[in-house]
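Remarks on the structure that follows.
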């Protein structure tokens, strides 16, 4: 039975949290660890058992160490798929995973269940298409099975891949690929990453060009691992045949998850929340860029203690409440950098003075749900002045919100957005079908309690 979350109006949000680790980076760290160079006789003999000396786990030289991975269901799907394919995975603790690449990739037919993870399905497709001998059927849950995979299968087919399925299940028989120059119709980090990963299996130079730059996690990690890339405006090129060694990586906090409590800090007077070890990749900080435009004379956020982890910039970020909330516009090249934050930004817009316009965000129509439709429906039920458009929303504010029952439609970002909406609404807000919150933010309810002092009610 799907869970419900009951939220009531709260006061200021104050405190310090480490947001859940970045999901995009956890997926990539797991996959890149499984793809690293492996010697067949690479092991450490030990008197206490394989890889254990004096009771301490010692990884072999080919083993990558991933610290603070996101332990949500999507990333577990990636781990499970890698194990099925032949990788060795050892969970040392809740905050550390060791991954050793396969000596040989599995050759018998396998079914890879990606659950609800589109990243797993799309990036694995790019990885497996060029591994000769692979015979994989990639499946997902009901929601993932409705999401478009043609944007991945089309470029891979151009590379010569034996891949079928415009939606899941996707069938792949690995074979030799050829390098291509691909003009992507959408700015999508998943499409770009899948093609670049496949390009590593060719003997030529693969180029991906996007209409606008999407998130660059793959490129940053590639560069930090020693992969030679050529970047020209909106184009990325990689030469095939490159490999990397095992690595250690501490996954930073996810700014898309932190955005829920960033917005809560803006919505509640006298709030101040500190986010430790937060990933601040420029291709992901669209929400901070937006805040800088909204509050040019009122510094509502501060970055300090900046450093890098495997090419990814990391910082402590402090967010405080502004004097006034002005309306804003999201459009064009801004969209890819904050596409996941739009549901919670729509909640923010209901309390902003003026008309907020969100456009060029048609990608929201094919996320876990049609986020434009669901956000519009739910905010209307709470009293917001909001209109859906083909590629976004128009929101007039400020308007008071009132508690009601809303359905997250099983979408984790919708569920968390309306939990924050409930903290500014009169009465009681009931969010249905919130099981999926555990997918990306297992500590969400605990952090909501720690920062606001309010204990939401979870009904199984």
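Numbering (the working numbering), first residue to last: 1 to 460.
Heads up, the beta-carbon is just placed ideally off N, CA and C, and yes, glycines get one too.
Return the chain-ordered list of same chain residues with a C-beta closer than 8 Å to the C-beta of residue i, the five sequence neighbours on each side being excluded.
| i | result |
| --- | --- |
| residue 166 | 148, 149, 150 and 153 |
| residue 218 | 28, 189, 192, 193, 196 and 197 |
| residue 426 | 9, 400, 401, 402 and 403 |
| residue 3 | 433, 434, 435, 458, 459 and 460 |
| residue 215 | 24, 189, 281, 283, 284, 336 and 337 |
Measuring only the C-alpha atoms, how far is residue i from residue j?
| i | j | result |
| --- | --- | --- |
| residue 268 | residue 85 | 48 Å |
| residue 50 | residue 33 | Only weak support exists for where residue 50 lies, its pLDDT of 39 falling under 50; the coordinates are left without a value. |
| residue 7 | residue 377 | 19 Å |
| residue 315 | residue 158 | 40 Å |
| residue 322 | residue 421 | 18 Å |
| residue 272 | residue 96 | 30 Å |
| residue 53 | residue 66 | Since pLDDT at residue 53 reaches only 37, below the 50 mark, its modelled position is unreliable, and no value is offered. |
| residue 464 | residue 266 | What the structure shows of the chain is the stretch from 1 to 460, and residue 464 is not part of that stretch, so it cannot be assessed. |
| residue 514 | residue 348 | Nothing in the structure corresponds to residue 514, since the chain is present only between 1 and 460. |
| residue 366 | residue 130 | 27 Å |
| residue 335 | residue 357 | 12 Å |
| residue 55 | residue 15 | Bear in mind that the predicted position of residue 55 carries a pLDDT of just 45, short of 50, making it unreliable; the figure below should be weighed with that in mind. Going by the C-alpha atoms only, they are around 38 Å apart. |
| residue 304 | residue 178 | 45 Å |
| residue 12 | residue 253 | 23 Å |
| residue 94 | residue 71 | 8 Å |
| residue 405 | residue 443 | 23 Å |
| residue 456 | residue 346 | 22 Å |
| residue 30 | residue 79 | 7 Å |
| residue 60 | residue 388 | 54 Å |
| residue 362 | residue 341 | 14 Å |
Taking the DSSP output, what are the residues bridged to residue i?
| i | result |
| --- | --- |
| residue 307 | 314 |
| residue 142 | For residue 142, which the question treats as bridged, DSSP gives no partner whatsoever. |
| residue 113 | 139 |
| residue 459 | 4 |
| residue 16 | 274 |
| residue 182 | 208 |
| residue 237 | 207 and 230 |
| residue 89 | 99 |
| residue 326 | 353 |
| residue 428 | 8 |
| residue 402 | 426 |
| residue 319 | 273 and 301 |
| residue 279 | 314 |
| residue 415 | In DSSP, residue 415 forms no bridge with anything. |
Since residue i and residue j are thought to touch, with beta carbons under 8 Å apart, how far apart are those beta carbons, to the nearest angstrom?
| i | j | result |
| --- | --- | --- |
| residue 311 | residue 223 | 6 Å |
| residue 409 | residue 418 | Incorrect: roughly 11 Å between the Cβ atoms, too far for contact. |
| residue 352 | residue 398 | 6 Å |
| residue 62 | residue 100 | 5 Å |
| residue 92 | residue 112 | The Cβ separation is near 24 Å, so there is no contact. |
| residue 250 | residue 441 | Incorrect: roughly 19 Å between the Cβ atoms, too far for contact. |
| residue 257 | residue 20 | 5 Å |
| residue 176 | residue 210 | Actually they do not touch by this definition, with Cβ atoms about 26 Å apart. |
| residue 372 | residue 392 | 7 Å |
Quick one: give me the first and last residue of the beta strand (DSSP E) that residue i is part of.
| i | result |
| --- | --- |
| residue 229 | 229-232 |
| residue 203 | Per DSSP, residue 203 belongs to no beta strand (DSSP E) and is neither H nor E. |
| residue 354 | 354-358 |
| residue 387 | 385-389 |
| residue 67 | 64-67 |
| residue 248 | 248-250 |
| residue 162 | 162-164 |
| residue 130 | Premise fails: residue 130 is in no beta strand (DSSP E) and is neither H nor E. |
| residue 397 | 392-397 |
| residue 405 | 405-407 |
In chain order, what residues of the same chain have a beta carbon less than 6 Å from the beta carbon of residue i, not counting five sequence neighbours either side?
| i | result |
| --- | --- |
| residue 10 | 423, 452 and 454 |
| residue 228 | none |
| residue 429 | 7, 403 and 422 |
| residue 447 | 17 |
| residue 164 | 171 |
| residue 173 | 135 and 162 |
Can you find a C-beta in chain B that's less than 9 Å from the C-beta of residue i?
| i | result |
| --- | --- |
| residue 180 | Annotation note: the requested chain B is absent from the structure, which comprises a single protein chain. |
If I follow the unbroken alpha helix (DSSP H) through residue i, where does it start and stop?
| i | result |
| --- | --- |
| residue 98 | No alpha helix (DSSP H) contains residue 98, which is instead part of the beta strand (DSSP E) from 96-100. |
| residue 171 | Where residue 171 is concerned, there is no enclosing alpha helix (DSSP H), although the beta strand (DSSP E) it sits in stretches over 170-173. |
| residue 440 | 437-440 |
| residue 80 | 73-85 |
| residue 381 | 371-381 |
| residue 149 | That residue, residue 149, is in no alpha helix (DSSP H); it is neither H nor E in DSSP. |
| residue 446 | 444-452 |
| residue 27 | 23-35 |
| residue 190 | 189-199 |
| residue 285 | Looking at the DSSP string, residue 285 is not in any alpha helix (DSSP H), and its letter there is neither H nor E. |
| residue 300 | No alpha helix (DSSP H) contains residue 300, which DSSP labels as neither H nor E. |
| residue 218 | 217-224 |
| residue 264 | 255-267 |
Less than 7 Å between C-beta atoms, sequence neighbours within five positions excluded: which residues of the same chain meet that for residue i?
| i | result |
| --- | --- |
| residue 318 | 272, 274, 301 and 302 |
| residue 242 | 200, 227 and 228 |
| residue 107 | 133 |
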